[in-house]
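Protein chains in written order, with my numbering: chain A, 60 to 267; chain B, 60 to 267. Notes follow once the structure below has been shown.
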DNA sequence: TATTGATACTTAACGTCGTTCATAATTGCA
DNA sequence: TGCAATTATGAACGACGTTAAGTATCAATA
């Protein structure tokens with residue numbers, strides 16, 4: 060039955076080509092410029108062919124975003140995360156921000172647009188769910204070990220997530236010169252994480 | 060010269076009709092569903108007529124957003140703001156969040172999309188600039204009066220802005236059931252403001 | 001009053017997009 | 001060799017933002 064397998068491989072290959080072409084367009088030109096026709100041109104197929112592999116443009120972009128976020132997750136799990144939960148939250152925040160700022164179009168699609176795809180956002184393997192799970196675990200430990208006050212774990216996790224998301228999304232949305240009054244200060248990401256952490260810690264100086 | 064004035068009034072009237080129709084569509088159905096054709100239908104003019112009053116769809120949406128944000132600014136300046144700068148920051152954050160959550164489409168267009176209009180974001184009377192200015196003033200006072208440590212005023216302002224923006228934009232983007240693991244906890248906005256403030260205050264218990 | 005000139009407005013179209021569908025080509029299998 | 005299924009395509013649909021060319025309206029002028 061090598062034939063079915065070869066066909067499988069060929070089909071998978073076209074799918075890869077589509078994803079790669081779309082990825083390049085998406086990364087460099089953003090969502091609106093990922094045109095089904097442009098993708099088709101890039102891989103020298105007709106636009107209709109894409110629909111044999113992806114149900115819609117959104118499904119295609121979702122697929123490539125999931126892939127890239129998966130790469131982030133993998134890289135983050137491979138890196139040695141601090142044992143101390145507070146230090147870990149710091150490290151996670153930095154990594155999260157770095158990825159978002161390095162991949163603004165991915166980030167925008169995943170975390171800043173409505174989109175039907177978010178029906179899957181809940182599922183355990185979706186990028187938001189995976190990122191959130193790691194953070195949440197650190198928060199559990201931070202509370203257990205007395206760094207944070209006893210509190211709703213998800214409330215604390217959401218505070219932290221929204222804080223770092225706020226920085227990332229603002230910087231993605233406004234070009235430096237479009238910031239009101241002053242461009243984003245250097246160290247804003249760091250300072251933002253730090254302020255939020257400090258606000259959550261129970262005994263400040265000695266614990267941080 | 061009553062004739063020119065009447066014509067002026069009539070022109071202004073059509074402009075108003077366009078803005079109102081677009082406003083309704085925008086508020087209830089969001090940016091993509093504000094179609095030039097739909098607006099034209101609503102006011103019983105041809106689509107081309109809109110272009111006699113607005114250079115583009117984006118210019119139209121920008122105009123109505125500016126109007127509504129102006130209403131916010133006005134309301135906020137009319138309300139009595141606490142003299143204590145820290146309390147004032149709290150109040151500002153609450154008002155900002157309330158407006159954003161009540162007008163998600165406005166908020167999304169203004170603070171969560173790229174858009175050419177942001178060339179004007181810098182100008183002193185733009186909604187971002189106006190909101191930011193009020194916050195910044197409170198931060199200046201908070202530092203002067205020793206509530207916050209001496210620091211770059213804009214850095215601190217950006218920390219606060221991004222924190223509250225993070226909450227608002229997350230809640231706007233994800234429906235409750237789409238949140239990973241747990242829907243936004245009640246009091247998230249409050250807790251987020253509080254955590255950030257606490258993180259910035261110099262002597263916690265006694266000053267807050 | 002008849003003519004002019006500007007203004008407001010519309011009709012029709014252009015080019016783009018995502019998407020679909022009928023049809024053709026290819027390919028493994030009986 | 002003929003059949004069935006898969007893969008690919010060309011052409012089209014309907015919707016979008018936008019524009020150019022043409023028509024109607026009406027105050028101002030001769």
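The beta-carbon is built from N, C-alpha and C at its ideal position, and this holds for glycine as well. Since this is a predicted model, take the numbers as computed values, not measurements.
Is residue i helix, strand or coil when you go by DSSP?
| i | result |
| --- | --- |
| residue 140 of chain B | coil |
| residue 229 of chain B | helix |
| residue 260 of chain B | strand |
| residue 207 of chain A | strand |
| residue 91 of chain B | helix |
| residue 120 of chain B | helix |
| residue 242 of chain B | coil |
| residue 174 of chain B | coil |
| residue 184 of chain A | coil |
| residue 190 of chain A | helix |
| residue 99 of chain B | helix |
| residue 105 of chain B | coil |
| residue 115 of chain B | coil |
| residue 164 of chain A | helix |
| residue 110 of chain B | coil |
| residue 265 of chain A | A caution first: residue 265 of chain A carries a pLDDT of 45, below 50, which makes its placement in the model unreliable, though a value can still be read off. Reduced to three states, the DSSP call for residue 265 of chain A is helix. |
Leaving aside the five residues before and after residue i along the sequence, list all residues of the same chain whose C-beta is less than 7 Å from its C-beta, in chain order.
| i | result |
| --- | --- |
| residue 167 of chain A | 231 |
| residue 150 of chain A | 140 and 141 |
| residue 242 of chain A | 235 and 236 |
| residue 212 of chain A | 195, 198, 199 and 202 |
| residue 171 of chain A | 228 |
| residue 156 of chain B | 223, 226, 227 and 248 |
| residue 220 of chain A | 191 and 194 |
| residue 179 of chain B | 185 |
Using a Cβ-Cβ distance cut-off of 9 Å, determine whether residue i contacts chain B.
| i | result |
| --- | --- |
| residue 145 of chain A | no |
| residue 233 of chain A | yes |
| residue 266 of chain A | Caution is warranted here: a pLDDT of 41 is assigned to residue 266 of chain A, below 50, making its placement in the model unreliable, and the coordinate value is therefore given only provisionally. It does not; no Cβ of chain B falls within 9 Å. |
| residue 224 of chain A | yes |
| residue 196 of chain A | no |
| residue 185 of chain A | yes |
| residue 188 of chain A | yes |
| residue 192 of chain A | yes |
Quick one: does the C-beta of residue i sit closer than 8 Å to a heavy atom of the ligand GTP?
| i | result |
| --- | --- |
| residue 106 of chain A | This structure does not include the ligand GTP; it has no bound ligands of any sort. |
When the cut-off is 9 Å and only beta carbons count, does residue i lie next to chain A?
| i | result |
| --- | --- |
| residue 115 of chain B | no |
| residue 151 of chain B | no |
| residue 229 of chain B | yes |
| residue 121 of chain B | no |
| residue 238 of chain B | yes |
| residue 102 of chain B | no |
Among the residues of its own chain, which have a CB less than 6 Å from the CB of residue i, if the five just before and after it don't count?
| i | result |
| --- | --- |
| residue 113 of chain B | 119 |
| residue 74 of chain A | 112 |
| residue 106 of chain B | 95, 96 and 99 |
| residue 265 of chain A | Residue placement at residue 265 of chain A is poorly supported in this model, since its pLDDT is 45, which falls under 50; the coordinates still yield a value, given next. The answer is none, since no qualifying residue turns up. |
| residue 128 of chain B | 186 |
| residue 65 of chain B | none |
| residue 181 of chain A | none |
| residue 165 of chain B | 124 and 127 |
Got a sec? Which residues, its chain only, sit under 8 Å from residue i by beta carbon, not counting five neighbours each side?
| i | result |
| --- | --- |
| residue 61 of chain B | none |
| residue 218 of chain A | 255 and 259 |
| residue 247 of chain A | 226 and 230 |
| residue 117 of chain A | 174, 175 and 176 |
| residue 102 of chain A | 73, 76, 77 and 80 |
**Prompt:** If you measure beta-carbon to beta-carbon, which residues of the stretch 160-181 of chain A are closer than 8 Å to chain B?
**Reply:** 170, 171, 172, 173, 177, 178, 180 and 181
**Item:** Under 9 Å (Cβ pairs) to chain B, residues found in the stretch 201-220 of chain A
**Value:** 210, 211, 212, 213, 214, 215, 216, 217, 218, 219 and 220
**Prompt:** If contact means a Cβ-Cβ distance below 8 Å, which residues of the stretch 70-88 of chain B contact chain A?
**Reply:** none
**Item:** Continuous alpha helix (DSSP H) assignments of at least 4 residues falling wholly in the stretch 61-85 of chain A
**Value:** none
**Residues in the stretch 241-260 of chain A having any Cβ partner in chain B nearer than 8 Å** = For the stretch 241-260 of chain A, the residues whose beta carbon sits under 8 Å from a beta carbon of chain B are, in order, 241, 243, 244, 246, 247, 250, 251, 253, 254, 255, 256, 257, 258 and 259.
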